[in-house]
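Position 127 of the sequence shown, counted from 1, bears residue number 134 in this note's numbering, the numbering being contiguous throughout. Glycine residues also receive a C-beta, built at the ideal position from the N, C-alpha and C atoms. First comes the structure, then the notes that go with it.
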Amino acid sequence: MSLLPKRASRIPAALLAAPLAVLGLAATAPIAASTASASTKDAASGGVYYELYQSCPDNPFWAAVNNGGRAAAAQLGVTLKIEDPLKCSGEIAQENDLLTTIINSHPAGIAFSVVSSTAFSANIQRARKLHIPIIAYNSLPHGVNLTTNPVEAYVGQHNEVAGEDLAKEVVPMFHLHKGQTIVVADQCYTNETCNNRYQGMEKIVDPMGIKVTVINLDYNVPQSASIMKAYFEAHGEPALVVALGSAGEQAVVEGATALGLTPKKVPMVGFDDDAVTNTYMEDGWVKVTVDQQPFLQGYDALVNLYDAVHYKSYPINMDTGPVFLTYTPHNISKGWFKPNVVNQTGM
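Here it is in structure tokens:
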């Protein structure tokens, strides 16, 4: 079964073809290394812009998000600083501390990944009072209170909706029925928005009598693989595994392989698209993945902020997904599985 994308990519062809060096996609310096005085360019562009996220330092998904932000900065001629607590998960306090420091520097605008519905409220309200435009990108918890978290817009995928849509696709695809269990490999269980993915699936499959079992993992793949191996040993072959990211996929594949299980014995679908997921799709492990087009999240977030500062426009919500991606001749012909495309854009 071939699933066509629900939303066409808006990435200019020139960006896909251009080397990163041409786009000026160099790494930015951390806050501590930045200077106090603004450059002439910064002054002309309204100041420095920030994008703040939380993930593992070598996460290929976020590399694509950051490439999008840097490409937009190069095109707009502005200074963008990209910050990260450089932790793998659950480091909300460190992300909030960075957000405090960024706000204190009075930047032109901020985009950041809102992984909690409560932890960042005070800082978001403070930025609002200081007239610093603040946009959520990539993550915003489902049903978040926008009075206490007054972000001006969201750029990204609504994860609960993505989960609902995925459930509607996989039930007929895998002939799921009452009494069966979907196993969720959740490497990001401390992230509210990540959990929204399987919660969306539950809304669809619970009334059908299909159970969802969540296995809490983390970004330590060997440790997580041993957890998945133990689960397969105890419960046998699953009706379907849903991995909430490529780290979850790695844990499933390594745990299954250790028991001699093949892709046919462990049907799996995933969320996000990066080089790891692409390899598993080519090898038959991942049958379909939900692509949220990470490049566009970094790119559109900065354009949104720039427009707010320069043209006084009000930031708008931008959906970047879900897009359902399968390893089919049609999609291969689009170039979506080429390493340079995946590594630069995550799609």
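Between which two residues does the alpha helix (DSSP H) harbouring residue i extend?
| i | result |
| --- | --- |
| threonine 296 | Segment 293-298 is the beta strand (DSSP E) holding threonine 296; no alpha helix (DSSP H) there. |
| isoleucine 109 | 99-111 |
| lysine 175 | 166-180 |
| glycine 207 | 199-212 |
| glutamate 289 | 282-289 |
Check this for me: beta carbons of residue i and residue j, under 9 Å apart or not?
| i | j | result |
| --- | --- | --- |
| alanine 250 | alanine 258 | yes |
| valine 177 | valine 295 | yes |
| leucine 93 | arginine 77 | no |
| proline 329 | aspartate 172 | yes |
| isoleucine 141 | valine 122 | no |
| threonine 108 | serine 128 | no |
| tyrosine 205 | valine 219 | yes |
| aspartate 193 | asparagine 202 | yes |
| phenylalanine 278 | alanine 263 | no |
| valine 248 | valine 191 | yes |
| phenylalanine 302 | valine 72 | yes |
| serine 124 | glycine 150 | yes |
| isoleucine 217 | histidine 184 | yes |
| histidine 165 | leucine 153 | no |
| serine 253 | phenylalanine 68 | yes |
| alanine 143 | glutamine 299 | no |
| lysine 210 | alanine 174 | yes |
| glycine 75 | tyrosine 306 | yes |
| isoleucine 189 | valine 212 | yes |
| leucine 106 | tyrosine 313 | no |
| glycine 291 | lysine 272 | no |
| methionine 325 | tyrosine 161 | yes |
| glutamate 244 | leucine 268 | yes |
| proline 322 | glutamate 159 | yes |
| asparagine 285 | valine 349 | yes |
My assumption, with CB atoms under 8 Å, is that residue i sits in contact with residue j. Please give the rounded CB distance.
| i | j | result |
| --- | --- | --- |
| glutamine 304 | glycine 163 | 5 Å |
| leucine 309 | tyrosine 56 | 6 Å |
| arginine 135 | proline 114 | Not a contact, Cβ separation roughly 14 Å. |
| aspartate 280 | leucine 332 | 6 Å |
| isoleucine 117 | leucine 137 | Actually they are not in contact, since the Cβ atoms of isoleucine 117 and leucine 137 sit about 11 Å apart, beyond 8 Å. |
| glutamate 261 | valine 293 | The pair is not a contact, with the Cβ atoms about 14 Å apart (cut-off 8 Å). |
| aspartate 104 | serine 62 | Contact flag wrong, Cβ pair sits at about 16 Å. |
In three-state DSSP terms, what is residue i?
| i | result |
| --- | --- |
| valine 348 | helix |
| alanine 250 | strand |
| threonine 188 | strand |
| lysine 236 | helix |
| glutamate 159 | coil |
| glutamate 256 | helix |
| tyrosine 56 | strand |
| valine 276 | strand |
| glycine 243 | coil |
| leucine 87 | strand |
| threonine 42 | Interpretation of threonine 42 is limited by its pLDDT of 31, a score under 50 that renders its predicted location unreliable; no figure is taken from the coordinates. |
| glycine 267 | coil |
| methionine 8 | Interpretation of methionine 8 is limited by its pLDDT of 34, a score under 50 that renders its predicted location unreliable; the figure taken from the coordinates is listed afterwards. Here methionine 8 sits in coil by DSSP. |
| alanine 51 | Low per-residue confidence applies at alanine 51: pLDDT is 44, beneath 50, and the placement is therefore not dependable, though the value from the model is reported in the following sentence. Reduced to three states, the DSSP call for alanine 51 is helix. |
For residue i, is the beta carbon positioned less than 8 Å from some heavy atom of the ligand COA?
| i | result |
| --- | --- |
| valine 151 | Ligands displayed in this structure: none; no statement on the ligand COA is therefore possible. |
Just reading off the beta strand (DSSP E) that residue i is part of, what are its end residues?
| i | result |
| --- | --- |
| glycine 76 | Not the beta strand (DSSP E): glycine 76 falls in the alpha helix (DSSP H), residues 67-83. |
| asparagine 223 | 218-223 |
Step through the CB atoms of chain D and report whether any lies within less than 9 Å of the CB of residue i.
| i | result |
| --- | --- |
| alanine 250 | Looking at the structure shown, chain D is missing, and only one protein chain is on hand. |
Secondary structure, beta strand (DSSP E): runs of 3+ residues fully inside the region 118-155: Under the rule that a run must span 3 or more residues, the beta strand (DSSP E) segments found entirely inside the region 118-155 read 141-144.
Uninterrupted alpha helix (DSSP H) stretches inside the region 309-348 (no shorter than 4 residues): Within the region 309-348, the complete alpha helix (DSSP H) runs of at least 4 residues fall at 336-340.
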